[in-house]
Amino acid sequence: MAKEFARSDRVAEQIQRELADLLQFEVKDPRVGRVTVTEVEVTGDLAHAKIYYSAKVGSPEIQQGLEKSAGFLRSQLSKRMLLRTVPQLHFVYDASIDRGIKISQLIDEALASDQSTEQKP
1 MAKEFARSDR VAEQIQRELA DLLQFEVKDP RVGRVTVTEV EVTGDLAHAK IYYSAKVGSP
61 EIQQGLEKSA GFLRSQLSKR MLLRTVPQLH FVYDASIDRG IKISQLIDEA LASDQSTEQK
121 P
């Protein structure tokens, strides 16, 4: 039996693809820069969508630029997707990549200090 997906999951995947394209090619706001859409969560009634994004530099300017361009992005989504109503877009910075880099650095430091103590008998 084929795995079934909720409609909100399919809509979230489509929004993620379309937003990635729009943010790369259509948004002219210099505050936005290079943003990666990591995940999209859509409510069951398709009224709201949380867009998780990451950027090389997580600054409040990027958040402000995304919120400012939310209306434009929503109107472009309405032209590209076959939905009766397009969800309200809410942008949330995804710090998981930053945490992963920090943990990786801590592991590297621990391994380096462990190797230096092994070499000093």
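Under full-length UniProt numbering, think of the first position of the sequence shown as 1, with each following residue one higher.
Cβ coordinates follow ideal geometry from the N, Cα and C atoms, glycine included.
Predicted model, so just to flag it, every value in this text is computed and none were measured.
Cβ-Cβ distances below 6 Å link Ala55 to Val35, Ile62 in the same chain, with the five nearest sequence neighbours on each side left out; the list follows chain order. Around the Cβ of Ile15, a 10 Å sphere holds 16 or more other Cβ atoms; the residue is buried. In the structure shown, Leu46 falls within a coil segment according to DSSP collapsed to helix, strand and coil. With fewer than 16 other CB atoms across the displayed protein chains lying within 10 angstroms of its CB, Gly44 is exposed. As far as DSSP is concerned, Thr85 takes part in no beta bridge.
With a threshold of 16 other beta carbon atoms within 10 Å, Val57 falls short and is exposed.
Bridge pairing for Glu67: absent [DSSP].
The residue among Ala12, Leu23, Arg10 with its C-alpha nearest the C-alpha of Ala70 is Leu23.
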